[in-house]
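Numbering (the numbering used here), first residue to last: 403 to 529.
The beta-carbon is built from N, C-alpha and C at its ideal position, and this holds for glycine as well.
Worksheet for the structure shown next.
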């Protein structure tokens, strides 16, 4: 009976820092990025990473304060509108049909703005 030769096992290769960066003669040279990715800056908590995160926080705070200002303007003027002499049905219509759609619109704007801020930040970090 013919004997089957044993299959050869692949040669093991040890990868070190020098071989990974192409510092050894004959090693394939891998191009290094000019700037480290923003994600590593954030993970390592460098000053630049801190600046990235602070910019996201500032944009989120700006959106929140804008939404809060719009709601404060709405709620702040509501007593003045309700103080006008008007039938009771008009007051209830102003409360039900005038306030809630505006609150929903402000909330929808805020959620979309916050998601867009996060999407922009993620795009910056992933580049």
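- The beta carbon of residue 493 is closer than 8 Å to those of 484 in its chain, skipping five residues each way along the sequence.
- If you draw a straight line from the Cα of residue 507 to the Cα of residue 490, it comes to about 25 Å.
- Runs of the alpha helix (DSSP H) lying entirely within the region 451 to 524, each at least 4 residues long, are 490 to 495 in chain order.
- Going by C-alpha positions, residue 526 is about 32 Å away from residue 505.
- Scanning its chain for C-beta atoms nearer than 8 Å, with the 5 sequence neighbours on each side dropped, one finds around residue 519 the residues 458, 461, 462 and 465, in chain order.
- For residue 449, the three-state secondary structure derived from DSSP is helix.
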